[in-house]
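Trainee: Sending over a structure as structure tokens; questions will come in a sec.
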Amino acid sequence: MAASRYKTLVDALASDIRTGRLAAGVRLPTHRGLAAREGIAVVTATRVYAQLEAMGLVSREQGRGTFVRDIAVPAGHGIDQQVVATDAVDLTFNYPSLPGQADLLRQALREGGRRRRGALRRTGVRACGLRAPSPTC
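Below you can see the structure in the form of structure tokens.
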């Protein structure tokens, strides 16, 4: 089974960053620029950068661009993932990799839920949750 273009591009950029071919602080092409250069959709380019960010290799700054991060961080913090098998999909990027990251994610999700429920209350719409179904839902 051949690797997807997305996975191939993520692996190539990750390798370039880890080997130093792309130095820390280097600004990467815009999402549209990467998409045009590689012949992929803009949404795929966005996904590539999101994967690299989840791996701790790049940082995105709103309005400025995507930059290569300094990867001199302790081992085991998301950037030293090894390829297990070429025909397997690595979903480990879905798990928080830094201490405290899980708590921050949990807090953000709870806050988002509170905001959504508050917005629904202001519009007069009832929100039916999965935990306690009521006869009015």
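Numbers given in this note's numbering equal positions in the sequence shown, counted from 1, plus 79. Built from N, CA and C at the ideal position, the CB exists for glycine as well.
1. Where does the unbroken alpha helix (DSSP H) through S94 begin, and where does it stop?
2. What first and last residue would you give for the beta strand (DSSP E) that runs through T145?
3. For G104 and A129, what's the separation of their Cα atoms in angstroms?
4. Return yes when the Cβ of A124 is within less than 8 angstroms of the Cβ of A114, no when it is not.
5. Quick check on V105: does DSSP put it in helix, strand or coil?
6. With G112 as the anchor, note down where its alpha helix (DSSP H) starts and where it stops.
7. For the ligand MN, any of its heavy atoms closer than 7 angstroms to the Cβ of R194?
8. For G135, which of Q180, V121, R185 has the nearest alpha-carbon?
9. Output yes or no for whether 8 angstroms exceeds the beta carbon distance between R106 and F146.
10. Can R143 and Y85 be called in contact, C-beta distance under 8 angstroms?
11. Counting only the same chain and skipping the five closest in sequence on each side, list residues whose C-beta sits under 8 angstroms from that of S138.
Mentor: Considering the structure as presented:
1. It spans 84–98 - the alpha helix (DSSP H) in which S94 sits, taken as one unbroken run.
2. Its beta strand (DSSP E) spans residues 144–147.
3. 17 angstroms
4. yes
5. coil
6. G112 -> alpha helix (DSSP H) spans 110–117.
7. As far as ligands go, the structure on display features none, and thus does not contain the ligand MN.
8. Q180
9. Yes, Cβ-Cβ distance for R106 and F146 is below 8 angstroms.
10. no
11. E132, T145, F146, R148
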